[in-house]
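Heads up, the sequence shown is in the numbering used here, so the first residue is 769 and it goes up one at a time. The beta carbon of each residue, even a glycine, is placed where N, CA and C say it ideally should be. Being a predicted model, the structure only gives us computed values, none of them experimental. In what follows, a single structure is set out as structure tokens and then discussed.
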Amino acid sequence: MSRIGKKIVIIPENVNISFIDSQIIIKGQFGILQKIIPKKIKIQFESTFLKLSIIENTKNLRSLHGLYRTLISNMIKGVSELFCIILLLKGVGYRAIIKDEKIHLNLGYSHPIEIKIPKIITVKITQNTVITLKSIDKEKLGLFAATIRSWRYPERYKGKGILYKDEKIHIKAGKTGK
């Protein structure tokens, strides 16, 4: 048995869960999420909690047991609360604006970078250098934040680039002359 998979998933009052075949549908105040669950993972549904169990005790199923328990837990948290990631643009002339459902980034390249915003994610930009991303889907939110960040990773010598809010960059000392 998986250590994480054994834990129960508590269901808040404002969340409704339904099953259609091997698909779980989770509805909350912020939206609807659905996921297909493998046939060898069984879900015991009570009014206030979920418990997952596996049919066979193989290494692959044990890892999937913990994975799907965490995915379902994140889906429940996402539809009842929102996931939020904050990105900071640090550097001279680095800024971001929203136009036509796209983020336009000026990051020191010869051209602005345009990134299409997925429909499931809401973006808010404050002070042209702080990008706030909110979504009910943690996986897509993290992937979109990583896509934005991939255009200018934080630099180790000056500390400029696109950083997560609580990220600490260890600044290296430059080379010293002889």
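Exposure of residue i, with buried meaning 16 or more beta-carbon neighbours within 10 Å
i: residue 837; result: buried
i: residue 867; result: exposed
i: residue 813; result: exposed
i: residue 833; result: buried
i: residue 780; result: exposed
DSSP state of residue i mapped onto helix, strand, coil
i: residue 947; result: This structure does not reach residue 947, given that the chain is present from 769 up to 946, and the question cannot be answered.
i: residue 912; result: helix
i: residue 894; result: strand
i: residue 917; result: helix
i: residue 943; result: coil
i: residue 906; result: helix
Sequence-distant residues of the same chain with beta carbon closer than 8 angstroms to residue i, five excluded per side
i: residue 810; result: 820, 821, 822 and 823
i: residue 850; result: 798, 902, 903 and 904
i: residue 939; result: 924, 925, 926 and 927
Residue i versus residue j - alpha carbon distance
i: residue 852; j: residue 803; result: 21 angstroms
i: residue 861; j: residue 908; result: 28 angstroms
i: residue 884; j: residue 873; result: 11 angstroms
i: residue 888; j: residue 902; result: 9 angstroms
i: residue 890; j: residue 778; result: 27 angstroms
i: residue 895; j: residue 829; result: 47 angstroms
i: residue 806; j: residue 943; result: 55 angstroms
i: residue 782; j: residue 773; result: 24 angstroms
i: residue 912; j: residue 941; result: 32 angstroms
Span of the beta strand (DSSP E), counted from its first residue to its last, around residue i
i: residue 836; result: Looking at the DSSP string, residue 836 is not in any beta strand (DSSP E); the run it does join, the alpha helix (DSSP H), is 827 to 848.
i: residue 882; result: 881 to 884
i: residue 874; result: 870 to 874
i: residue 785; result: 784 to 788
i: residue 802; result: 799 to 804
6 angstroms Cβ shell around residue i - same chain, five flanking residues per side excluded
i: residue 843; result: 794 and 801
i: residue 770; result: 830, 833 and 834
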